[in-house]
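2 protein chains.
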Amino acid sequence: MDQHREFIQAAYRQALASYNEGGLPIGAVIVEGGRVVAAGHNRRVQDGDPTAHGEMDCIRRLGRRSDYSTLTLYTTLSPCMMCAGTIVQFGIPRVVVGEERSFPGNRDFLLDHGVDVLLLDDSECRQLMGRFIGEKPELWSEDIAGRERV
Amino acid sequence: MDQHREFIQAAYRQALASYNEGGLPIGAVIVEGGRVVAAGHNRRVQDGDPTAHGEMDCIRRLGRRSDYSTLTLYTTLSPCMMCAGTIVQFGIPRVVVGEERSFPGNRDFLLDHGVDVLLLDDSECRQLMGRFIGEKPELWSEDIAGRERV
Chain A
124 MDQHREFIQA AYRQALASYN EGGLPIGAVI VEGGRVVAAG HNRRVQDGDP
174 TAHGEMDCIR RLGRRSDYST LTLYTTLSPC MMCAGTIVQF GIPRVVVGEE
224 RSFPGNRDFL LDHGVDVLLL DDSECRQLMG RFIGEKPELW SEDIAGRERV
Chain B
124 MDQHREFIQA AYRQALASYN EGGLPIGAVI VEGGRVVAAG HNRRVQDGDP
174 TAHGEMDCIR RLGRRSDYST LTLYTTLSPC MMCAGTIVQF GIPRVVVGEE
224 RSFPGNRDFL LDHGVDVLLL DDSECRQLMG RFIGEKPELW SEDIAGRERV
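Protein chains in written order, with our numbering: chain A, 124 to 273; chain B, 124 to 273.
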């Protein structure tokens, strides 16, 4: 569990960096062989890119590869259907989720497709996301196209 | 149907442009109120971006918006799980698919989530994709992470 906390904190630092840029505070890292090989965060505001959720930005920054089977994705917030579909399509086998209280996401979809999901219910992730949703509810709604459940 | 052919041809021209750049020949356009408001194509090779499938590039180029309910997405090839998940998350209500013989995609997933799907089985889309898969099978396999079915 300590290693999971270390890596979710790395994802949290990505989220916090985005928050400090005026963006959505959702971050992700990808770990392979015990080290972080890619990191990213939501860039909707920063790049005007609606597809740049934290997980997507992280996978994009990982770059081209043909095999994702050795990877674990850490994300501060439970994946939306875009990000969950991407995890399944690319065959990322393990996802560690900071929290899902702010957004339920698609844990069942991931599990149904054979993805291992570990939910940490991390208080730092929860508090940052809760603060942001309170401050900018319209921006949060835009990021998920108003769709808490799909 | 004639209007569908016109717009799928616009998506095909995107696919052909990508093919001529050495990339994957998959293109998309988004139509609103009878006119094309965004166009894009796969950019895995061009940008080194594994998330830049044709549909994703098109949605990215459309830019930020909070409501997708007036849009129709035209794509030369049946959407993979990343792209299907994105369509569902953003609430794009209609998808017109050029063909699904080269890749089955996720029509049932879209239908199960209330998306209208029209399959054209377009011969130009089929032929271009078939030629590409014959020429560069490894690149095609990389684009879907070897996962025809997820």
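Where a beta carbon is used, it is the ideal one built from N, C-alpha and C, also for glycine.
Residues bridged to residue i (per DSSP)
i        : result
A/Ile153 : A/Ala161, A/Leu196
B/Asp239 : B/Arg217
B/Glu222 : B/Leu200
8 Å Cβ cutoff, residue i in contact with chain A
i        : result
B/Ile153 : no
B/Ala162 : no
B/Asp172 : yes
B/Arg272 : no
B/Arg166 : no
B/Arg217 : no
B/Gly228 : no
B/Gly146 : no
B/Ile131 : no
B/Arg183 : yes
B/Gly221 : no
For residue j and residue i, the rounded distance between their alpha carbons
i        : j        : result
A/Trp263 : A/Ile256 : 6 Å
B/Ser141 : A/Arg272 : 35 Å
B/Thr198 : B/Val220 : 5 Å
A/Arg183 : B/Ala133 : 27 Å
A/Ala162 : A/Val218 : 14 Å
B/Val211 : B/Thr193 : 14 Å
A/Asp170 : A/Leu147 : 12 Å
B/Gln278 : B/Arg158 : Residue 278 of chain B falls outside the range modelled here, since chain B spans only 124 to 273, and no answer is possible.
A/Arg187 : A/Glu258 : 36 Å
B/Pro173 : A/Ile149 : 20 Å
B/Asp235 : B/Asn229 : 10 Å
B/Gly145 : B/His176 : 14 Å
B/Leu200 : B/Arg270 : 15 Å
A/Leu243 : A/Glu222 : 6 Å
B/Leu139 : B/Met252 : 10 Å
B/Ile267 : B/Tyr191 : 26 Å
A/Ile153 : A/His127 : 12 Å
A/Leu185 : B/Glu155 : 34 Å
B/Ser189 : A/Glu261 : 9 Å
B/Glu265 : A/Ile215 : 14 Å
A/Ser246 : A/Glu178 : 20 Å
B/Leu196 : B/Leu233 : 12 Å
B/Val168 : B/Asp180 : 13 Å
B/Gly208 : B/Ala151 : 16 Å
A/Asn165 : B/Glu129 : 35 Å
Below-8 Å beta-carbon distance, residue i vs any chain B residue
i        : result
A/Met179 : yes
A/Gly269 : yes
A/Arg224 : no
A/His127 : no
A/Arg249 : no
A/Ile149 : no
A/Gly157 : no
Selection of the segment 188–214 of chain A by Cβ proximity to chain B, strictly under 8 Å: Listed by position, the residues of the segment 188–214 of chain A near chain B (Cβ gap below 8 Å) are Arg188, Ser189, Asp190, Tyr191, Cys203, Met204, Met205, Cys206, Ala207, Gly208, Thr209, Val211, Gln212, Phe213, Gly214.
- request: Return the residues of the segment 251–265 of chain B that lie within a Cβ-Cβ distance of less than 9 Å from chain A, sorted by chain order.
  value: Per Cβ criterion, the list reads Glu261, Ser264, Glu265.
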